[in-house]
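One structure below.
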Amino acid sequence: MGACVSSQQDFSDNVSIGSAYNPAPLNNVISVRTPPPIDRKNHREVVTRKFRILDLPDKILLEIFRQMGAQEVLHLSMLSRKIKEKIGEI
Numbered sequence: 001m002g003a004c005v006s007s008q009q010d011f012s013d014n015v016s017i018g019s020a021y022n023p024a025p026l027n028n029v030i031s032v033r034t035p036p037p038i039d040r041k042n043h044r045e046v047v048t049r050k051f052r053i054l055d056l057p058d059k060i061l062l063e064i065f066r067q068m069g070a071q072e073v074l075h076l077s078m079l080s081r082k083i084k085e086k087i088g089e090i
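Here UniProt numbering is used: the first residue of the sequence shown is 1, the next is one more, and so on.
Below, the structure is given as structure tokens:
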């Protein structure tokens with residue numbers, strides 16, 4: 001299901017990671033890709049290392065959010081709102 005995006009955007013609840021179309025898993029585990037995507041065609045390694053995004057230091061998390069574009073922040077906001085509504089139903 002798609003979502004309409006208006007020019008007025010509310011980023012007040014951007015606390016979750018994911019998007020409306022590709023939501024992040026609720027366990028917040030991210031695969032560490034090695035080697036980087038540029039070299040992947042020459043080095044086909046399976047991604048096995050993972051880390052929990054919420055275990056990152058606050059300074060790194062803050063920098064991640066600073067570098068996100070407006071569209072990414074909008075997706076965060078929409079996903080956060082959906083999760084808050086679901087938690088309220090439980």
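C-beta atoms are modelled at their ideal positions from N, C-alpha and C, and glycine is treated no differently.
Length of the line joining the Cα atoms of M78 and E72
10 Å
Once the 5 residues before and after I87 are set aside, which same chain residues still bring their CB inside 7 Å of it?
none
Tell me whether P57 sits in a helix, a strand or coil according to DSSP, three-state version.
coil
From M68 to L62, what distance separates their C-alpha atoms?
10 Å
Rounding to the nearest angstrom, what Cα-Cα distance links A70 and P57 in this structure?
23 Å
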